[in-house]
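Numbering of the sequence shown is given in my numbering, commencing with residue 221 and proceeding in unit increments. No residue lacks a Cβ here, since even glycine has one placed at the ideal position from N, Cα and C. Here the structure is a predicted model, which is why all the values come from computation and not from measurement. Data block below; observations after.
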Amino acid sequence: MKQFNYEFTAASEVTKALSEVYAYTQRTSFKSILFHLYTIAFGREEIHEIQQEIKEMYPDAHIAGTSSNGDICDGHLAEYGLVMAVSIFESTEIGVHLFETEEGREGDTGRDICRSIDVTDNIKAAEILMTLKSINSTKILREAEKCEKSVKIFGAGSAGKKIEENVTMVIGDTETSEHGVVLVTYSGDDFHIDIHHAIGWKPLGRDLTVTRIEDKRLYELDGVPAGDIYSKYLDIQADENFFANILEFPIMSNQHGHEVLRMPFSCNTEDRSIMLAADIKQGSKVNLSYGDPDVIKSDVEDLVWNVRSFAPQAVFLYSCGVRRLYWKYLINKETGPFSLIAPVSGFYSSGEIIRMGEYIIEHHVTLIAIGMREGGQAMSQPTGIGDKEIEVPEEHKMHDQLSMVRRLANFINVTAAELREANENLQEKLQDRTKN
């Protein structure tokens with residue numbers, strides 16, 4: 221497997237990049253070639269122009285991609301055009317399918333995805349890119365996850381230049397769609413993939429019960445309007461600044477034994493309900509959560525270690541746009557260390573998709589790292605594997621001091637636990653008195 225990554229600010233720049241790729245493929249045999257297109261700025265016409273140029277040079281090539289909240293090229297944020305990631309496979313077979321999805325027919329799309337995976341010979345992995353904000357992703361993923369359990373699945377949701385934008389698109393071989401799903405299949409005995417994720421957000425305060433939710437609209441927690449929970453505990457009001465103020469405090473739930481974050485996007489001023497990025501099961505326990513720089517840094521360092529241990533030939537990073545907004549100008553410090561391992565590309569998304577056990581779970585505020593390579597075990601282990609520590613250059617390191625927010629959150633959580641224990645002891649004493 222050979223990976224080339226390019227960053228463009230104009231569609232006309234594609235010609236030179238394709239010439240470089242063509243020069244490589246002229247002297248090297250390959251089975252298939254896949255072009256990922258991630259764009260924060262290009263529209264349909266520019267993308268179509270690029271699709272045509274790719275197909276003119278490589279008629280059998282496959283194309284998959286998405287609009288984004290920011291592109292990732294060689295580990296840094298690219299926010300002015302489009303990133304083209306070219307994967308040249310020696311023995312792996314690639315397939316790309318674009319499914320237009322009508323509202324109310326998401327289950328059919330999920331079943332189509334499941335069938336496409338199951339009929340693909342020797343399939344090892346599948347990638348799902350979808351317009352999360354225009355279709356019911358839950359219904360799609362519930363059907364898609366019924367496919368062959370050994371297939372590793374990853375992906376993300378398309379996003380807009382502004383994270384709150386609802387109009388996004390996915391990109392296929394020759395088309396684009398604002399209401400659809402792109403499926404990429406990876407097949408072959410020599411194809412190997414490694415998928416890990418990092419969150420870094422931690423629960424804050426006591427457990428809350430989801431007492432009323434309809435689809436993605438959360439009405440009540442513990443019988444109280446969801447918006448009132450945020451105003452009471454965090455002084456976040458239902459106004460035009462709601463999303464900006466809530467970035468660091470998404471809702472944390474537990475799905476199939478895994479911590480999963482749900483990002484609130486808006487709060488209704490009348491009934492105080494909150495619109496979430498994805499649904500949560502009614503009756504489940506959730507927490508408010510907080511983002512702490514040191515905890516996030518530690519989780520990402522573990523992620524870098526896992527990726528490096530796999531010794532990939534290419535790394536794809538699919539990260540939530542909320543993480544970009546959280547880190548602001550420091551965002552390259554989170555993605556930069558991966559570029560020391562292998563060529564890195566990806567984008568900032570509206571949701572992140574991973575198969576975990578039997579389920580395909582939609583995450584938010586999460587970073588997914590996908591390592592790919594062809595061949596058996598890695599030919600040579602990268603520096604840092606084994607007993608040695610991974611050396612990260614100083615410019616990629618984040619501040620190591622234990623932050624104040626972490627200490628305050630620890631105080632709140634310990635206090636909540638002590639109050640819970642005191643309440644339980646009081647209930648036991650009252651019961652004993654009743655018995656006597």
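Jot down the residue ranges of each uninterrupted alpha helix (DSSP H) in the segment 434 to 479, minimum 4 residues, whole runs only, in chain order. Whole alpha helix (DSSP H) segments, 4+ residues: 446 to 454, 462 to 466.
Note down, in chain order, each residue of its chain lying with its Cβ closer than 6 Å to the Cβ of G541, except the 5 sequence neighbours on either side. N289, A379, I383, Y568
For M663, which option in L257, N488, R492, A562 has the closest C-alpha, if you only look at C-alpha atoms? Since the first and last residues shown for the chain are 221 and 656, residue 663 lies out of range.
Closest by CA to I574, which one among D459, G595, S539, I500? S539
Can you list the beta strand (DSSP E) stretches of 3 or more residues lying completely in the segment 353 to 380, in chain order? Fully enclosed beta strand (DSSP E) runs of 3 or longer: 372 to 377.
Assuming V402 and I391 are in contact, meaning their beta carbons sit under 8 Å apart, how far apart are those beta carbons, in whole angstroms? 7 Å
Per DSSP, which residues does K505 bridge with? Please list them. T429
Using the C-alpha atoms, what's the distance from S473 back to V480? 5 Å
Does H268 come out as helix, strand or coil in the three-state DSSP assignment? helix
Measure the alpha-carbon distance for E395 versus Q272 and round it to whole angstroms. 10 Å
Using only alpha-carbon positions, find the residue among A629, E385, S565, R432 that is nearest to L302. S565
Distance check for I308 and H268, CA to CA, integer angstroms please. When only Cα atoms are considered, H268 and I308 end up about 22 Å apart.
R335 by DSSP, collapsed to three states: which one? Of the three classes helix, strand and coil, the one that applies to R335 here is helix, per DSSP.
For E326, which of helix, strand or coil comes out of DSSP? helix
Would you identify the three-state DSSP class for S493, choosing helix, strand or coil? Here S493 sits in coil by DSSP.
May I have the straight-line CA-CA distance separating A458 from T245, to the nearest angstrom? 55 Å
Cα-Cα separation, P613 to A305: For P613, the predicted model reports a pLDDT of 49, less than 50, meaning its position is unreliable; a value from the coordinates is still stated below. Their Cα atoms are separated by approximately 25 Å.
Mind checking who M277 pairs with in its DSSP beta bridge? M277 pairs with nothing; no bridge assigned.
Give the DSSP-derived three-state secondary structure of N225 in the structure shown. strand
When DSSP labels each residue in this structure, what does E385 get in the three-state scheme? coil
E385 versus S486, Y300, I466, residue with shortest Cα-Cα distance: S486
For K436 and D491, believed in contact at Cβ under 8 Å, the rounded distance: At roughly 15 Å, the Cβ-Cβ gap does not stay under 8 Å, so D491 and K436 are not in contact.
Candidates L238, G263, V241, A281, of which the one nearest S252 by Cα: A281
Sorted by chain position, which residues of the same chain lie with C-beta nearer than 6 Å to A345's C-beta, five sequence neighbours on each side aside? K372, Y406, I413
Taking the Cβ atom as the reference point for each residue, do S287 and M350 lie within a distance shorter than 8 Å? no
Using only CA atoms, which one of G400, L424, E521 lies nearest to I588? It is E521.
Per-residue burial, S232 [other beta carbons within 10 Å of its own, 16 or more giving buried]: The residue in question, S232, is exposed, as its Cβ has fewer than 16 Cβ neighbours within 10 Å.
Residue range of the unbroken beta strand (DSSP E) whose run includes F530: In the DSSP annotation of this structure, F530 is not part of any beta strand (DSSP E); the continuous alpha helix (DSSP H) holding it starts and ends at 513 to 530.
Residues bridged to E240 by DSSP? For E240, which the question treats as bridged, DSSP gives no partner whatsoever.
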